[in-house]
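Protein chains: 2
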Amino acid sequence: MNPSTREEIPREFPLSPWEEIDQALDAAAAVSRTMRNWPGSRFADFLDAYASEIEARTDALVAAAHEETALPTSPRLADVELPRTINQLKLAAVAARNESWREITIDTATGIRSMKGPIGPVVVFGPNNFPFAFNGIAGGDFAAAIAAGNPVIAKGHSCHPETTRIFAEAAVAAVKSTDMPAALVQLIYRTSHEDGYRLVSDPRIAACGYTGARETGLKLKSAADAAGKPIYLELSSINPVFILDGVLNDRLEAMADEFAGSCLMGAGQFCTNPGMVVISDNEAGQKFVKSVGERFAAAVPGTMLSEGVCRSFGESVQILEKAGAKLVTGGQQSDDERVCYANTLLSTSGAAFLDQPEVFQTEAFGNGSLFVLAESAEQMVEIAESLEGNLTGCIYSDENGDDDATYEQLEPALRTRVGRLLNDKMPTGVAVSPSMNHGGPFPATGHPGFTAVGIPASIPRFAALYCYDNVRAGRLPRILQDASPGAGIWRSIDGNWSTDAVK
Amino acid sequence: MNPSTREEIPREFPLSPWEEIDQALDAAAAVSRTMRNWPGSRFADFLDAYASEIEARTDALVAAAHEETALPTSPRLADVELPRTINQLKLAAVAARNESWREITIDTATGIRSMKGPIGPVVVFGPNNFPFAFNGIAGGDFAAAIAAGNPVIAKGHSCHPETTRIFAEAAVAAVKSTDMPAALVQLIYRTSHEDGYRLVSDPRIAACGYTGARETGLKLKSAADAAGKPIYLELSSINPVFILDGVLNDRLEAMADEFAGSCLMGAGQFCTNPGMVVISDNEAGQKFVKSVGERFAAAVPGTMLSEGVCRSFGESVQILEKAGAKLVTGGQQSDDERVCYANTLLSTSGAAFLDQPEVFQTEAFGNGSLFVLAESAEQMVEIAESLEGNLTGCIYSDENGDDDATYEQLEPALRTRVGRLLNDKMPTGVAVSPSMNHGGPFPATGHPGFTAVGIPASIPRFAALYCYDNVRAGRLPRILQDASPGAGIWRSIDGNWSTDAVK
Chain B
1 MNPSTREEIP REFPLSPWEE IDQALDAAAA VSRTMRNWPG SRFADFLDAY ASEIEARTDA
61 LVAAAHEETA LPTSPRLADV ELPRTINQLK LAAVAARNES WREITIDTAT GIRSMKGPIG
121 PVVVFGPNNF PFAFNGIAGG DFAAAIAAGN PVIAKGHSCH PETTRIFAEA AVAAVKSTDM
181 PAALVQLIYR TSHEDGYRLV SDPRIAACGY TGARETGLKL KSAADAAGKP IYLELSSINP
241 VFILDGVLND RLEAMADEFA GSCLMGAGQF CTNPGMVVIS DNEAGQKFVK SVGERFAAAV
301 PGTMLSEGVC RSFGESVQIL EKAGAKLVTG GQQSDDERVC YANTLLSTSG AAFLDQPEVF
361 QTEAFGNGSL FVLAESAEQM VEIAESLEGN LTGCIYSDEN GDDDATYEQL EPALRTRVGR
421 LLNDKMPTGV AVSPSMNHGG PFPATGHPGF TAVGIPASIP RFAALYCYDN VRAGRLPRIL
481 QDASPGAGIW RSIDGNWSTD AVK
Chain Y
1001 MNPSTREEIP REFPLSPWEE IDQALDAAAA VSRTMRNWPG SRFADFLDAY ASEIEARTDA
1061 LVAAAHEETA LPTSPRLADV ELPRTINQLK LAAVAARNES WREITIDTAT GIRSMKGPIG
1121 PVVVFGPNNF PFAFNGIAGG DFAAAIAAGN PVIAKGHSCH PETTRIFAEA AVAAVKSTDM
1181 PAALVQLIYR TSHEDGYRLV SDPRIAACGY TGARETGLKL KSAADAAGKP IYLELSSINP
1241 VFILDGVLND RLEAMADEFA GSCLMGAGQF CTNPGMVVIS DNEAGQKFVK SVGERFAAAV
1301 PGTMLSEGVC RSFGESVQIL EKAGAKLVTG GQQSDDERVC YANTLLSTSG AAFLDQPEVF
1361 QTEAFGNGSL FVLAESAEQM VEIAESLEGN LTGCIYSDEN GDDDATYEQL EPALRTRVGR
1421 LLNDKMPTGV AVSPSMNHGG PFPATGHPGF TAVGIPASIP RFAALYCYDN VRAGRLPRIL
1481 QDASPGAGIW RSIDGNWSTD AVK
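Going line by line, the protein sequences match chains B and Y.
Position 314 (the first sequence) corresponds to 314 in this note's numbering; numbering is contiguous.
Position 363 (the second sequence) corresponds to 1363 in this note's numbering; numbering is contiguous.
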């Protein structure tokens, strides 16, 4: 369905029965064995070629994704998300080439050398909200898994099947032009839930990446865990933002602009959307609620990705209302022509929040947010301490030091509950930086030590640690041998990082 | 019970009811918050002091451990395992001081900086077979968790409670002398299974380390997984050793000496004991079985750790016999005075093994091994391909190249199934090296990317990834600030490793 018109798109896509998944698994397992010792440059060549093939299909991809998701062509699909996706594949190529993800460690005293290497066939489930940058066959998990030398079986999301098909076409072209095996990249479409659980726990699969709704993710995790398979999840996050008093005293209207812009962008359908804001329950705080409410009411709500997303957003708003949150603005579907919901702002008191912290942390995925008005700085800290694991947490504080004492109290509580801590900046943007953590404590993800975004940081998720003890020099992988493996390849030799040969 | 005499040791130790565990959890959670930003040097000071306190108690520790486990005083407890344990704590101190485990990453282009930091309270369950080096309150997991800045709740193993008590005494002395909080190190004794599951999944716990039997480990894993808690397991491993034809042609008797010595050392009670050997079914192979069998029959069997270990070893031998393995020597309990079982060698054909690979991979933890006689090099490869995940895998090949072709075929199959690949060396020794992987694919462990031994490599298991995005310079942890954090502290700055200041 085209969410902008509610019209059915006249295209058909296959379902993937187990017999086909089974074939894909066999092919992935076989090719994984074949490729194990291939140099990173082969995977880099494929990733670069794939980036070019995608670039050459820009118009078709943008048109398909816009039709299927209603995300704006510009500024978003054409000038942000697709370039970012292409860049991510190119960065993964650089990492594959310079082996920077391998954590090469050489200990000359014991004759033991180790490095990360491919883990084996990886399944990637992409989400609905990033048809390009997190697509199972083109996004961050895909790029990381390929850079580590693994074959990928991508599960196409049912919200953007044509977009995914075009990526697959580009991938096949790149596979051919770089002489890679066909099973390096395979695509399956919709499967039964049972087959999904079977897939992630299959003996031929080594690991899985999943970005999406919490309920489905936890079921996949349960199946993968029982089979001893690592599964990397990126689930829900409400991304709390604490705005301290000095900021509202100094620049209330500018802050309202910044917040409303960030929260409503892309109809709020970001994993890092600021879904909860904590401010003081004083005159400035109340004025801030009013100001943001006016902006929300005045802005045309964005079209949502699907009926399912819209319905689920409405249900979450109702859960929050039922828990006692007051509706400042919004709270209903807003347009019959297209899939959309009024920009929605809710508010509640700090005491009410602390009474039912779980319920008030219900993720409302979409163009809305919950404001929590705290009685005191101490209550803000208590609220922070009641938070589940989140991808991000942010504190805005003033520039002249009035908020510093509160910051000092708040930061320790927030720090351990989020993967990325921000100052004075909305969490929505997720830079593809080697220092990025797009991750965080459970239930934001399944393990607080890993990031889903950032090259090379996201790559070792799809790697195993391979240690060589007393293995004869000529039999070691080239990059573990004494000679310098080439410019720019860092190795930790006897505790020091170096690009030189082993002395 | 003293396994050397079957006499009860007249000492009593407490059980740990949930009320006490609950108090330990509260204290650990509180102290984890307090310590979060403490410099690594504080933990280093504690680890060094603890190492000294242990050294000062050498005689008492060795006497207690010898009495409780029957492991030889020398060469083992006094001159190998205790020095290794002390060294491990000192290496962890070095890592805590130079922050080498933190994977500090600075990206000046985006203003994003990240590092690993403490994950929170850690529970450590040590095994029965290393009263010192893997003890929950003194071993590798303990050292790694403390080096990362976490409080530890250690579960004392019921096989060596007095040894553990002496360690706890030393830990308390070190806590006091270095002015650390009492809840940095806490010890619980035997609990119910239910309380064990509750402990590893408690919201106040951040992660868990477990070394021991597979069945218990998988139950703990299931509880921890459901709560979204990382749990690092070191479970069973049979450590396959492939001895190629050229080796037996060149030095059959020396090889038999080397194998028998390694397999019978410490009554074979090592996680890395060579429990399965694959050789060719030819004249040399059969002679090798006979030679090893003679050595096994001639050697006095070591005393085992406990009745439970002895019984379980016997049960595994029976499972292997029932599956069709032939008894070359041993196969029954051997002495009424002490806990011990005859050195046991079993053999089977490659075809029989491939018929029931799961059953023939039953771990017999103790002084025994299963020899598999393969028809051909191709069958050796098939056997390797049928293996579960193991900690180690080893290939012995000759020096003049006759075995090289077989090595080439075998290595890829074995490589992905083991954490540590060895050449021409028994797997029993586990060096505390930064390149060590004492880990491997499931079910040897729960995740193939982590090692339980090796400093700093084992430390990040007990860490979360903390990212700072646009955080004001003065608010960053010191080691993420522009200035060089000190000699020997490596940081990845814009893709290059350096000990310098950010330019």
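Built from N, CA and C at the ideal position, the CB exists for glycine as well.
Query: Residue interval of the beta strand (DSSP E) (run including Y:Asn1098); Result: Segment Leu1082 to Asn1098 is the alpha helix (DSSP H) holding Y:Asn1098; no beta strand (DSSP E) there.
Query: Cβ-based burial, B:Val300 [other Cβ within 10 Å; buried from 16]; Result: exposed
Query: Under the three-state DSSP convention, the category Y:Ala1260 falls into; Result: helix
Query: Proximity test, Cβ basis, 8 Å: Y:Asn977 and chain B; Result: There is simply no residue 977 of chain Y to check, as chain Y begins at 1001 and stops at 1503 in what is shown.
Query: Which residues DSSP lists as bridging Y:Pro1240, in chain order; Result: Y:Met1276
Query: Pairwise C-alpha distance: B:Phe353 and B:Ile383; Result: 8 Å
Query: Cut-off 7 Å between Cβ atoms - residues of its own chain near Y:Pro1014, not counting five sequence neighbours on either side; Result: Tyr1189
Query: Assigned secondary structure, B:Met509 (DSSP; H/G/I helix, E/B strand, else coil); Result: Because chain B is modelled from 1 through 503, residue 509 of chain B falls outside the range shown and cannot be assessed.
Query: Chain-ordered chain Y contacts of B:Gly265 [CB-CB under 7 Å]; Result: For the sequence presented, residue 265 of chain B should be read as Met rather than Gly. Simply none; closest approach about 17 Å.
Query: DSSP bridge partner residues for B:Thr445 (one or two, in chain order); Result: B:Glu234
Query: 8 Å Cβ cutoff met for B:Trp497 and Y:Trp1490; Result: yes
Query: Interface flag, Y:Pro1230 vs chain B, CB-CB below 8 Å; Result: yes
Query: Three-state class that DSSP yields for Y:Ala1374 in the structure shown; Result: strand
Query: Validate contact between the segment 338-356 of chain B and the segment 369-381 of chain B using beta carbons, cut 8 Å, 3 pairs; Result: yes
Query: Cβ distance (whole Å) where Y:Ala1487 is taken to contact Y:Thr1499 below 8 Å; Result: 7 Å
Query: Length of the line joining the Cα atoms of B:Met265 and B:Gly446; Result: 27 Å
Query: Cutoff 6 Å; reference Y:Arg1420; Cβ partners in own chain excluding five residues on either side; Result: Thr1392 and Asn1437
Query: Simplified DSSP state of B:Val185, which is helix, strand or coil; Result: strand
Query: C-alpha distance - B:Leu187 paired with B:Val172, whole-angstrom precision; Result: 10 Å
Query: Limits of the beta strand (DSSP E) - the one that B:Leu391 falls within; Result: Asn390 to Tyr396
Query: Contact set between the segment 31-42 of chain B and chain Y, restricted to residues whose Cβ is under 7 Å from the partner; Result: Arg33 and Arg36
Query: C-alpha distance - Y:Phe1259 paired with Y:Glu1162, whole-angstrom precision; Result: 34 Å
Query: Inter-residue spacing [alpha-carbon to alpha-carbon] between B:Arg11 and B:Met1; Result: 10 Å
Query: B:Ser201 vs B:Ala223 beta-carbon contact at 8 Å; Result: yes
Query: Beta-bridge pairing of Y:Leu1465 - partner residues as DSSP gives them; Result: Y:Lys1116
Query: Chain-ordered chain B contacts of Y:Tyr1436 [CB-CB under 7 Å]; Result: The sequence shown places Met at residue 1436 of chain Y, rather than the Tyr named in the question. Chain B residues near Y:Met1436: Ile112 and Cys467.
Query: Own chain partners of B:Pro127 with C-beta closer than 6 Å, once the 5 adjacent residues on each side are dropped; Result: Phe134, Thr211 and Gly212
Query: Inter-residue Cα distance where the pair is B:Ala70 and B:Asp469; Result: 55 Å
Query: Under 8 Å between C-beta atoms of B:Leu47 and B:Ala96; Result: yes
Query: Beta-ladder partner(s) of B:Trp497, from DSSP; Result: B:Ser492
Query: B:Leu506 vs B:Thr428 beta-carbon contact at 8 Å; Result: Look at the range of chain B in this structure, 1 to 503, and you will see that residue 506 of chain B is not part of it.
Query: Endpoints, the alpha helix (DSSP H) within which B:Val172 is located; Result: Pro161 to Ser177
Query: 7 Å Cβ cut-off: residues of chain Y touching B:Arg472; Result: Asn1423
Query: Under 7 Å by beta carbon: chain Y residues contacting B:Asp225; Result: Asp1225
Query: Chain Y contact for B:Pro83 (CB, 8 Å cutoff); Result: no
Query: Limits of the unbroken alpha helix (DSSP H) element including B:Ala30; Result: Trp18 to Met35
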